[in-house]
Structure formats: C-alpha cells, structure tokens
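So that you can map any letter, position 314 of the sequence shown is 313 in numbering that gives the first Met the number 0, and since no number is skipped, the others follow by simple counting. We put the CB at the ideal spot given by N, CA and C, even for glycine.
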Amino acid sequence: MVRLAESITPTVPGSDGTGWEPRIAAMVCNWCTYAGADMAGTARMTYPPNIRTVRFLCTGRIDPMFIVKAFEQGADGVLISGCHPGDCHYVQGNMLTRRRHTIHAALMDFLGLDRRRLHYAWVSASEGVKWAKVVGEVTESVREAGPLLNWGKPGASDSLRLPDPGEAPRIAPPPEVYERISVNLRQTAADLLTEEEGGVSMVIGYTPGTLPGQMVPAFVTSPDEAPTLAWSDGCGNNLSMYIPEVVKKQTDGKVGLVVKKCDAKALIGLMRENQLNREQVSVLGIPCAGLWQDGKLASKCYGCDGEATDLSDWTITAEGAQEGAATTEEQQATAPDPRDIQIAALEAVTPETRWAYWQNQFARCIRCYACRAVCPLCYCETCIADKHRPQWIPKSFDGPGNTSWNIARAMHLAGRCTGCDECTRVCPADIRLDLLNRHLSQEIETQFDYRADDSADIPPPLTTFRPDDPDEFM
C-alpha cells in the first residue's frame, strides 16, 4: 500500500486565509498519464506544484481504498488519471476502473464529500498539454473547496431527521397461520431428513429463542429434532450466511434451508461467486407476510409481495407443503419502500448536511463487526479490517477509522448486497447501513442494468465491463 502521510501532511490556514496550499494526491497510470506528465515536464510546461504523484502500472490497480487512505492521511484532494478507454496497455484495466470508480464516485457523492475534491481524467502519453491543464483545474477546484478538516469528525449538529416509514400496507397474520406453517415445516423437514425419502442430512431453520417472540437459527440433523422448528413473524435471520461453511463440512447429503424471498437473493449471490452449488442445497421456501417487531413492519418488507422464492424445492404454506415453487392465491399488499423515500430525503439536502449526517452516523460505530458477521456475502478468510500488512483500516474506533471501515464495507458489497438489511438489524449503534447499500444497488441498476436477484450466471457488475459504459463522472 502506498503511504502518503509524509507528503500529504495538512497545513491549516491562518485567520487571514493565508498559509495554506492544497495537497493533492494524483494516482496515475504508468504507461499513459505518467508519460504525459513527463512530457509536460520535459517541454517545460508550467502548472501548479500541489500534486503528489503516485505511479501505478495500471489504473485497474487503483483500488477505491487508495482514495480513502489519501483523504484519511491528510490529502485535500485526489486525482485519478489513466489511459483513454480502449488504449490500456493491459487491454481492459481502465474499463474495469471506470466501473469501479463510477460507483465509488456515487458513494462519495451520497456521503456528501465535496466533489471539488475528487477528480478523474483520461490523459494519454502524448497529452502533456492536457495534463498541465488538468492539474491547473484540479488545483483551483481544491483551492476553492479549502482544506479538508472534517474527515472522520462528527458534524456540528445532528439535526437532520429522515421521514418515518409511515403506515404499513398490511397487518400481521393471526398466530394460528404461523402455527399451521410450523406444523407443515416440521413434517417436511422430518421427511427430508429420512434418508430414503429426501437425502437431506441437515435442515437449517428457526426455533424459539429464550426471549419472548425471539426466533433463532436451528440446525436439525435428525427427524427426532424436527419438532423444534417453528415459523413466526420474527424469523429475521438470513440463514443463507451459514451455507458456505456448512456445505464445506458436509460429507454426504444436501442441506435443507428455510428461505424467505429476500434471503434467496443471497443464495443466488453465493452461487454467482462460486461459494455454493445449487445441487448442495434443498430450498424450503415459505411465503412471508413480513417481519414484525413491536407492531411495526420492517422497512424492507413494505415493497415485498411475500411470495415464496422461485428457487424453492419445496413451498410450505399454511395449507400444506408442495414440491417445487408455487404461488399463493393472495399476494401481500405493498407500498413504496421507506428506504427509497429516506434516500431521496438525503439526496435533497446539501452535501455539507449529508456529510455531517454520515459522519455522525459513523461516529457511533464501535467496530464490533456485527454487520460483517451477519452478512451472507462477507465470507473472506481475512477481512480487510483485520489485515495489518499493510494496515488498511485503523484499529481504533475513532472518526477516521470508522469512516474508512464503513466506506470500505459499502464498496465491497456494491453490486453484491441483496438488501436483506441484516447489517442494520444487528447494528448496536443503529447506523443506517441499509441506506448506503440500497443507494449503491440503485446506482448499479441505473448505470449497468443489474440487480442482485438476476441469474447466477451473470457475473458481478464490478468484475466486468461494457465498452460503452458511461463515464459522465470523469
């Protein structure tokens, strides 16, 4: 990892506005932009000396985390520059870069970073004049923005209040409906766990916890244990998170998995990323009337019709169990997703207000990593937050470290998040991680026509590209 702290030490302006010059980290491609900068130098072109250049073999190697680290270590601005699309020395590096940084730029916009601080440009080896011009424009832009003194620091006030979800579009079913579903689930699980009947060696479902109304994961391995399974309006856990580890340890038989419609997207994601073969799991799909707590419907459930997933090998309803995917006669009533309304409210305020809002959110983070532990798509053997050679994320739960961690996690889930909102549910600090993830999902759908519940055969959007991908952010 490139360390910029020594060369990007911030200088604070005096009361009269003097004594400060922008410190700008320029991360450039070796074969084009760096050569263009060299041409500008050998041609004795003049441009501001505020740039600190970091050379990469390819822009495809410029991870968005480098931008985060530059700001964290004191840069007032960052410039990313490389070959024009189609001219990459490594054929497609800048095409992949364009996608990644399209989404990263959208994330930084949503967080409220002053976009005068973050710039992108294509500069070829022959464009020394353009390089000098770009540096001049970027320096002036960052100079207008002023020194970056509030990275990782809570805002002066936390007055922004997001709209309440409003009235739920439906009411919770009566308890007897859940009980009938539970009876049918137990019978189906017992049948599947009988070797000659189902060939399933384990069923992962729900069972009542120790607190009133609490439902916790259950791992049932014999027909005698099937009566412990249950279904209620509190079955919130996304059980897909257990699948990667369970299938690694299974020596025979499939794994039966109780799945809500929102959980199924995680299964698709795991199959897409080669963490799971479809043949390894038997999906027990249950139509879901939504998750309810204290009489309130979860925000993610407002826009869901509650049907069982199309992946279902068995569909279990109050009327019985049916092999294969089946639809119910009556879909759940839906309403506009409250998260979308809240995202729109955030986008409607000034960048300064958004920045203060998110810095106040991140300031509450205690770095317990519950969000990571509960996420079905967080399966790395060593998380970036745990790496120390190099140290990507500061270990202390302070402002800069919290900001870096939450940006890194949002980017790592961009195009992969399934919207189950488990991270928000388990966060002890009530940080609105769901809004970050959903905003990036919307951005990826808009830019690249991709949804997390698309076919598992479609590659993740930030691992591929199209030659005509948009680059309006440049």
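A straight-line Cα-Cα distance of about 7 Å links Asp-262 and Leu-238.
In this model, Ala-355 and Phe-70 are separated by some 16 Å (Cα to Cα). Between Ala-413 and Ile-102, the gap from beta carbon to beta carbon is short of 7 Å.
Contact annotation: Asp-429 and Asp-420 have beta-carbon atoms that are not nearer than 7 Å. A Cβ-Cβ separation of about 12 Å leaves Ile-23 out of contact with Ile-66 under the 8 Å criterion. When C-alpha distances from Ile-203 are compared across Arg-114, Ala-334 and Leu-256, the shortest belongs to Leu-256. Here Lys-386 is exposed, its C-beta having fewer than 16 other C-beta atoms within 10 Å. Bounds of the alpha helix (DSSP H) holding Lys-129 are 127 to 144. Unbroken alpha helix (DSSP H) stretches of 4 residues or longer found wholly inside the region 316 to 355: 337 to 347, given in chain order. Non-local C-beta neighbours of Arg-185 in its own chain, meaning closer than 7 Å and more than five positions away in sequence, comprise Ala-225, Pro-226 and Leu-228, ordered along the chain.
In this structure, Met-201 keeps its C-beta atom at 7 Å or more from the C-beta atom of Val-246.
The shortest CA-to-CA distance from Glu-471 to any of Asp-336, Arg-363, Gly-40 and His-118 is the one to His-118. Pro-21 has its alpha-carbon roughly 46 Å from the corresponding atom of Asp-456. Shown here, Arg-98 sits in a helix according to DSSP, grouped into three states. In the DSSP secondary-structure assignment, Val-219 is bridged to Val-202.
Annotation for Gln-274: Pro-243 and Tyr-378 place their beta carbon closer than 7 Å to its own, counting only its chain and skipping 5 residues before and after. A distance below 6 Å between beta-carbons, with the five flanking residues on each side excluded, links Pro-153 to the following residues of its chain, in chain order: Gln-358, Asn-359 and Ala-362.
CA-CA distance, Thr-58 to Thr-52, rounds to 13 Å. Taken atom to atom, the span from the alpha-carbon of Pro-335 to that of Gly-76 is near 38 Å. In this model, Val-348 and Leu-106 are separated by some 15 Å (Cα to Cα). Relative to Trp-291, the option among Arg-271, Leu-266, Asn-236 and Leu-376 whose CA is nearest is Asn-236. Residues Phe-70, Glu-71, Pro-399 and Thr-402 of the same chain have their beta carbon placed closer than 7 Å to that of Trp-150, with the five preceding and five following residues left out of the count. An exposed status is given to Gly-208, since fewer than 16 other beta-carbon atoms sit within 10 Å of its beta-carbon.
Across the structure, Trp-121 and Lys-295 are spaced so that their CA atoms are roughly 50 Å apart.
Counting only residues of its own chain and dropping the five nearest sequence neighbours on each side, Thr-187 has a CB closer than 8 Å to the CB of Leu-283, Trp-313, Ile-315 and Ala-320. Classified as buried, His-411 has 16 or more neighbouring CB atoms from the shown chains inside 10 Å of its CB.
Fewer than three pairs of CB atoms, one per stretch, sit closer than 8 Å, so the region 127 to 134 makes no contact with the region 81 to 91. A direct Cα-Cα distance of roughly 44 Å separates Met-214 from Arg-465. From the listed residues Ser-440, Arg-431 and Trp-404, the smallest Cα separation to Thr-417 is found for Ser-440. Nearest neighbour of Ile-443 by Cα position, chosen from Thr-45, Ala-104 and Asp-37, turns out to be Ala-104. For Ala-372, the closest C-alpha among the options Ser-298, Val-258, Met-240 and Ala-324 is that of Met-240. In this structure, Pro-458 sits away from Phe-447, with a CB-CB distance that is not shorter than 7 Å.
With fewer than 16 other CB atoms across the displayed protein chains lying within 10 angstroms of its CB, His-83 is exposed. Residue burial annotation: Ile-79 is buried, with at least 16 other C-beta atoms found within 10 angstroms of its C-beta. Taking each of Pro-164, Cys-422, Gly-73 and Gly-305 in turn and checking the Cα distance to Val-258, the smallest one comes out for Gly-305. The C-beta distance from Pro-222 to Ala-171 rounds to 31 Å, too long to fall under 8 Å, and the pair is not in contact.
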